[in-house]
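Input: a single structure, listed below in structure tokens.
Chains as they are written, first to last, in the numbering used here: chain Z, 78 to 304; chain E, 78 to 304.
Written out as structure tokens, the structure reads:
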């Protein structure tokens, strides 16, 4: 499947775990997994994350912590998240290999956790510094050989460049579909394996319907671009 | 004062809050504040962080989350940490201004939280990508105008470059003193305002004595370099 759902609950929700379990139940059939971020993890706490991990069991549960520290600290975090049942974790490529991602990759392998590297982002400020070193990021990704890489659905050129540079071994995950502007399937056509969708599914009256529709739209666009 | 203590408890400590409270009590007189990282915050949970914030009251309590996300997500995290009593937060300069640090700075100002930007790191992999854009990081820091900046005590040339570029308005915090190799006072001599010390104080039999000795050694070196 080609859809990962980002669980970004509104600020005014008291019980974000219950809110998430509802989304998970109604979209489970069509999603490859779910993504939770740092604000979510802080609010839900360890017990909340465990409960979500049980519900997601068998699919991806990605901790989108955007780790960007020395290897020792990132490894402590990865090990802790692994004990909660999280099976994939996002880190930044820009911290480099030696003393950073080399160690995290080894820790992830040890605890059977998928490592996913951010290689580019889509907000305007990403062009100020990050994009200047995009070629270095691609080389870094080849060196780390993570399970996956994050590239913005709103910048399909970067997705295609990454796919060409990294080959088929590394999964490409593309956030930014829906509210942030990319159309369903665009990133898949450019070479991504998964599109990450948040509010366009989680903030509508019928998440199940929205998720099924998203999958249909992905398929339609894929049929067009594959000809 | 010139000393910030990093609370990095050993893995085999069950009650990291109690461990931290002991360190805080015995070093309170000589420290400007304390730093807690992501693994610590995840392990301690919201209630643990609140307890530490009460003990640290009146001094800096820095959440070293090394935030590196879009502005909206970093702001959610900063707001949440603020509700726990944390009064300073660390983010990466790398993510840029527009749609990222511009928004986080504004949130920090709103909740009366000090923003501290990582401009350089000291692990070997930092030279692979981060150091190549160090000049951009300095420009970014001028634009964001954060309360403080993190530069490695083990690379005093970068501290001096940052001090010259940023003027006296931005505090410079230098980790890496003690176990990681920098001698007490070296970073201060190069232009830093605070040295961040972890294990050399927290993992010895008498943290109080170690902290007082660290301050004395800082003073001694400062006397030498200021002549």
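A virtual CB, placed ideally from N, CA and C, is assigned to each residue, including glycine.
Secondary structure of residue i, DSSP reduced to three states
{"i": "residue 146 of chain E", "result": "coil"}
{"i": "residue 85 of chain E", "result": "coil"}
{"i": "residue 230 of chain E", "result": "coil"}
{"i": "residue 21 of chain E", "result": "Here chain E covers residues 78 to 304 and nothing more, so residue 21 of chain E does not appear."}
{"i": "residue 272 of chain E", "result": "strand"}
{"i": "residue 32 of chain E", "result": "Beyond the ends of chain E as shown, which are 78 and 304, falls residue 32 of chain E; an answer cannot be given."}
{"i": "residue 139 of chain E", "result": "strand"}
{"i": "residue 80 of chain E", "result": "strand"}
C-alpha distance - residue i paired with residue j, whole-angstrom precision
{"i": "residue 221 of chain Z", "j": "residue 237 of chain Z", "result": "19 Å"}
{"i": "residue 174 of chain Z", "j": "residue 284 of chain Z", "result": "39 Å"}
{"i": "residue 208 of chain E", "j": "residue 234 of chain E", "result": "12 Å"}
{"i": "residue 186 of chain Z", "j": "residue 180 of chain Z", "result": "10 Å"}
{"i": "residue 253 of chain Z", "j": "residue 93 of chain E", "result": "38 Å"}
{"i": "residue 201 of chain E", "j": "residue 277 of chain E", "result": "21 Å"}
{"i": "residue 118 of chain E", "j": "residue 128 of chain E", "result": "12 Å"}
{"i": "residue 193 of chain E", "j": "residue 166 of chain E", "result": "6 Å"}
{"i": "residue 203 of chain Z", "j": "residue 146 of chain E", "result": "10 Å"}
{"i": "residue 378 of chain Z", "j": "residue 91 of chain Z", "result": "The structure shown does not extend to residue 378 of chain Z, since chain Z is modelled only from 78 to 304, so the question has no answer here."}
{"i": "residue 261 of chain Z", "j": "residue 100 of chain E", "result": "52 Å"}
{"i": "residue 338 of chain E", "j": "residue 89 of chain Z", "result": "Nothing can be reported for residue 338 of chain E, as the shown portion of chain E is limited to 78 through 304."}
{"i": "residue 216 of chain Z", "j": "residue 294 of chain E", "result": "43 Å"}
{"i": "residue 299 of chain E", "j": "residue 152 of chain Z", "result": "36 Å"}
{"i": "residue 104 of chain Z", "j": "residue 286 of chain Z", "result": "9 Å"}
{"i": "residue 226 of chain Z", "j": "residue 269 of chain Z", "result": "9 Å"}
{"i": "residue 178 of chain E", "j": "residue 219 of chain E", "result": "12 Å"}
{"i": "residue 149 of chain Z", "j": "residue 163 of chain Z", "result": "19 Å"}
{"i": "residue 156 of chain E", "j": "residue 230 of chain E", "result": "30 Å"}
{"i": "residue 169 of chain Z", "j": "residue 154 of chain E", "result": "18 Å"}
{"i": "residue 378 of chain E", "j": "residue 223 of chain E", "result": "Beyond the ends of chain E as shown, which are 78 and 304, falls residue 378 of chain E; an answer cannot be given."}
{"i": "residue 143 of chain E", "j": "residue 288 of chain E", "result": "25 Å"}
{"i": "residue 172 of chain Z", "j": "residue 171 of chain E", "result": "10 Å"}
{"i": "residue 301 of chain Z", "j": "residue 255 of chain Z", "result": "19 Å"}
{"i": "residue 281 of chain E", "j": "residue 102 of chain E", "result": "15 Å"}
{"i": "residue 206 of chain Z", "j": "residue 213 of chain E", "result": "7 Å"}
{"i": "residue 176 of chain E", "j": "residue 199 of chain Z", "result": "9 Å"}
{"i": "residue 264 of chain Z", "j": "residue 190 of chain Z", "result": "25 Å"}
{"i": "residue 78 of chain E", "j": "residue 121 of chain Z", "result": "37 Å"}
{"i": "residue 258 of chain Z", "j": "residue 228 of chain Z", "result": "14 Å"}
Contacts around residue i, its chain only, beta-carbon distance under 8 Å, and the 5 residues preceding and following it disregarded
{"i": "residue 81 of chain Z", "result": "108, 109, 110, 111, 112, 137, 139, 250, 271, 272, 273, 274"}
{"i": "residue 211 of chain Z", "result": "196, 197, 235, 238"}
{"i": "residue 279 of chain E", "result": "82, 83, 84, 85, 86, 100"}
Cβ shell of residue i (< 6 Å), same chain only, five flanking positions each side left out
{"i": "residue 114 of chain E", "result": "141"}
{"i": "residue 242 of chain E", "result": "215"}
{"i": "residue 267 of chain Z", "result": "233, 236, 237"}
Query raised in the report: Taking a cut of 8 Å between CB atoms, which residues from the stretch 101-127 of chain Z lie near chain E?
Result: When C-beta distances to chain E are compared with 8 Å, the residues of the stretch 101-127 of chain Z below that value are 114, 115, 116, 118, 119, 120, 122, 123, in chain order.
query: Got a sec: which bits of the stretch 171-184 of chain Z sit with their beta carbon under 8 Å from any beta carbon on chain E, in order along the chain?
result: Within the stretch 171-184 of chain Z, the residues whose Cβ lies closer than 8 Å to some Cβ of chain E are 171, 172, 173, 174, 175, 176, 177, 178, 179, listed in chain order.
*Contact residues within the stretch 210-240 of chain E, judged by C-beta distance below 8 Å to chain Z*: From the stretch 210-240 of chain E, only 210, 213, 214, 217 have a Cβ closer than 8 Å to chain Z.
At what residue ranges does the stretch 165-202 of chain E contain a whole run of the alpha helix (DSSP H), taking only runs of 4 or more? If one requires a minimum length of 4 residues, the alpha helix (DSSP H) runs lying completely within the stretch 165-202 of chain E are 179-187, in chain order.
message: Extract the residue ranges of the beta strand (DSSP E) inside the stretch 98-127 of chain E, only unbroken runs of 3 or more that lie entirely within it.
response: Runs found: 110-114.
| query | Which residues, in chain order, does the stretch 146-162 of chain E contribute to contact with chain Z at a C-beta distance below 8 Å? | reply | Residues passing the 8 Å Cβ filter: 146, 147, 148, 150, 153, 154, 157, 158.
Going along the stretch 182-207 of chain E in order, which residues come within less than 9 Å of chain Z, judged by CB to CB distance? Correct list: 195, 198, 199, 200, 201, 202, 203, 204, 205, 206, 207.
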